[in-house]
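So that you can map any letter, position 335 of the first sequence is 335 in the UniProt record's numbering, and since no number is skipped, the others follow by simple counting. Positions of the beta carbon are idealized from the N, C-alpha and C atoms, including for glycine.
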Amino acid sequence: MSKVETPRPIRGTQDIFGPDAEAFAFVVETFERVRKLYRFRRVEMPVFEKTEVFARSLGETTDVVSKEMYSFDDRGGESLTLRPEFTAGIARAYLTDGWQQYAPLKVATHGPLFRYERPQKGRYRQFHQIDAEIIGAAEPQADVELLCMADQLLKELGVADGVTLQLNTLGDADSRDSWRAALLAYFQAVRGELSEDSQDRLERNPLRILDSKDPRDQAFVADAPKIDEFLTAEAEDFFGAVTSGLDAAGVKWQRLDKLVRGLDYYRHTAFEFITDRLGAQGTVLGGGRYDGLMESLGGPATPAVGWAAGIERLAMLVEGVGEDVADWAVVVEDDATLGEATGALGAIRRAGMSAELFATGSPRKRFDKAVKSGARSIVSYAMRDGTIDRRIKAGDADGIRLVGALKES
RNA sequence: GCGAUCGUAGCUCAGUUGGUUAGAGCGCCGGUUUGUGGUACCGGAGGUCGGGGGUUCGAGACCCCUCGAUCGCCCCA
């Protein structure tokens with residue numbers, strides 16, 4: 001017999017276990033609770049879509065589309081793609097499922113996303129996000145509500161300390177276009193002194209030069225044209241309404257005028273909740289307004305705003321969420337008592353208390369295993385003088401609950 | 001796609017300038033001790049030192065290749 005080689009897990013996937021899985025679940029549970037407080041409706045979305053859903057909405061030239069998508073042809077020869085984000089699929093559903101009748105529509109979801117990237121701290125090829133969107137709402141109050149929900153979520157997760165909300169506006173389409181043109185002219189003039197990466201960005205996405213980490217670029221970034229110089233009156237009013245709304249709601253924020261979005265469909269509000277506790281991955285939650293998206297999918301002009309947050313990143317910030325110890329350890333110190341112990345195990349669980357059975361390995365060491373498990377209370381079964389001897393090690397209240405539960409059964 | 005660091009038992013790690021039969025702790029299994037008890041002791045299973053090639057009398061250690069992981073760049077949650 002030749003040795004069978006164990007298949008390795010796929011790069012960038014995670015097997016989340018134990019305390020990590022508890023932290024993950026805590027993030028999702030907290031999100032579910034908070035989104036109900038804000039009356040966001042739950043949606044479940046397909047994990048894959050036609051490739052064009054993402055290709056059109058994200059823009060063909062973006063890195064996500066050009067090199068980071070998990071795309072494949074199905075048996076009918078159609079190109080499908082594992083979703084790299086939620087927004088495009090939700091926008092597609094809004095158009096194909098008649099959700100326009102519910103506008104303004106507030107929806108929330110969570111689940112796995114896929115991007116073919118190099119894994120590193122807080123970045124995976126299959127990762128998980130929570131997501132919230134408001135579709136069909138043009139007013140800045142929608143942005144404010146979304147940000148308030150994000151702020152409350154982070155507070156209820158207990159990760160708000162050290163996380164700051166960075167806020168910017170990209171203006172409307174006109175503002176953004178003229179800003180972009182000014183940036184292009186400005187950086188073009190000093191092209192030779194920019195980093196190689198930024199010279200490349202000049203062609204593809206000049207806005208991105210603004211958040212370059214290269215010191216050679218940062219000198220020029222400081223004096224680069226600011227979006228504020230190009231905002232139309234409407235865009236300025238919109239941003240003013242968002243910031244005053246946040247102030248009224250008591251949500252702390254900082255203006256970061258170099259904050260831009262990688263994807264083309266963003267307009268007006270852009271924001272990120274940022275921490276310095278996750279290495280190179282500072283963004284814990286990010287989003288913005290994407291008024292241009294629906295049209296790129298062939299739909300009517302539809303204002304929308306949303307955000308998403310990486311569950312793994314949030315889970316890494318969450319502290320003090322571990323696995324619970326059992327309420328009871330049920331110990332079989334003599335195999336002849338297995339039946340009795342099994343009955344007790346069921347009775348305890350039916351009474352709403354958690355219990356774990358210790359009935360394997362050396363009988364003499366089972367009690368020690370139960371003690372080491374950290375269970376709050378222990379009930380053990382042994383044979384003494386031909387009869388079953390039950391011993392309870394518990395606080396008075398717990399012991400009484402146990403005896404009650406056993407009588408009920 | 002690029003760069004840096006790192007791969008020794010199930011886990012966390014020792015392993016000297018290259019030198020006998022590769023070790024410890026934890027965990028697991030068995031035994032002795034204890035018996036409202038988290039104790040102590042004894043024993044056992046478990047390793048092609050990530051894989052391949054090279055240098056050398058001799059490689060876990062040095063060199064090359066390869067695979068994998070981690071962190072960073074690009075980009076992004």
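- Within the DSSP bridge table, the entry for residue 149 names no partner.
- The count of Cβ pairs closer than 8 Å, one atom from the segment 10–17 and one from the segment 114–129, reaches three, so the stretches are in contact.
- In the displayed model, residue 328 falls within a strand according to three-state DSSP.
- Between residue 366 and residue 331, the C-beta gap is smaller than 7 Å, which places the two residues in contact.
- Within the model, the alpha-carbon separation for residue 334 versus residue 345 is close to 16 Å.
- The DSSP assignment places 105–114, 126–135 as complete runs of the beta strand (DSSP E) inside the segment 86–144, in order along the chain (cut-off: 3 residues).
- Looking at 55, 111, 4, the one whose alpha-carbon comes closest to that of residue 45 is 111.
- When secondary structure is reduced to three states using DSSP, residue 319 falls in the coil class, being assigned neither helix nor strand.
- For residue 52 and residue 78, the gap between their C-alpha atoms comes out near 10 Å.
- Apart from sequence neighbours up to five positions away, the residues of its chain that approach residue 249 with a beta-carbon distance below 7 Å are 144, 148, ordered along the chain.
- Three or more beta-carbon pairs drawn from the segment 295–304 and the segment 91–99 are found closer than 8 Å, and the two stretches are therefore classed as touching.
- With a cut-off of 8 Å on Cβ pairs, the segment 311–321 is in contact with the segment 154–161, counting three or more such pairs.
- When rounded, the separation of the alpha-carbon atoms in residue 101 and residue 90 is 15 Å.
- Distance from the CA atom of residue 86 to the CA atom of residue 71, rounded to whole angstroms, is 16 Å.
- Positions of the beta strand (DSSP E) runs, each at least 3 residues long and wholly inside the segment 216–275, are given as 267–275 in order along the chain.
- Less than 7 Å divides the Cβ of residue 68 from the Cβ of residue 116.
- Residue 62 carries a coil assignment under DSSP once its states are collapsed to helix, strand and coil.
- Burial check for residue 7: the Cβ neighbour count within 10 Å stays below 16, so the residue is exposed.
- Residue 172 is not a Cβ neighbour of residue 255, given a cutoff of 7 Å.
- The beta carbon of residue 357 is closer than 6 Å to those of 330, 345 in its chain, skipping five residues each way along the sequence.
- Taking C-beta atoms as the reference points, residue 190 and residue 220 count as a pair closer than 7 Å.
- Contact check for residue 130 and residue 308: beta-carbon distance about 7 Å, within the 8 Å limit, so the pair qualifies.
- Of the other Cβ atoms in all chains shown, fewer than 16 fall within 10 Å of the Cβ of residue 352; this residue is therefore exposed.
- Nearest Cα to residue 298 within the set 168, 57, 26: 57.
- Nearest C-alpha to residue 287 among 142, 400, 183, 119: 142.
- Within the DSSP bridge table, the entry for residue 383 names 388 as partners.
- Closest in alpha carbon position to residue 385, among 336, 244, 293, is 336.
- Residue pairing by DSSP places residue 81 opposite 49, 71 in a beta bridge.
- Sequence-distant Cβ neighbours of residue 377 in its own chain, meaning closer than 8 Å and more than five residues away, are 327, 328, 329, 392, 393, 394, 395, 398, 399, 402.
- Non-local beta-carbon contacts of residue 103 in its own chain, meaning distances under 6 Å to residues more than five positions away in sequence, involve 136 in chain order.
- Out of 73, 361, 354, 364, the CA that lies nearest to the CA of residue 375 is found in 354.
- Listed in chain order, the non-local C-beta contacts of residue 187 below 8 Å within the same chain comprise 194, 198, 202, 206, 209, 220, 224, local neighbours out to five positions each way being set aside.
- Counting the other Cβ atoms within 10 Å of the Cβ of residue 133 gives 16 or more, which makes it buried.
- Annotation for residue 159: 314, 317, 318 place their beta carbon closer than 7 Å to its own, counting only its chain and skipping 5 residues before and after.
- If you keep only unbroken alpha helix (DSSP H) runs of at least 4 residues inside the segment 180–217, you get 196–204.
- The three-state secondary structure of residue 11, taken from DSSP, is coil.
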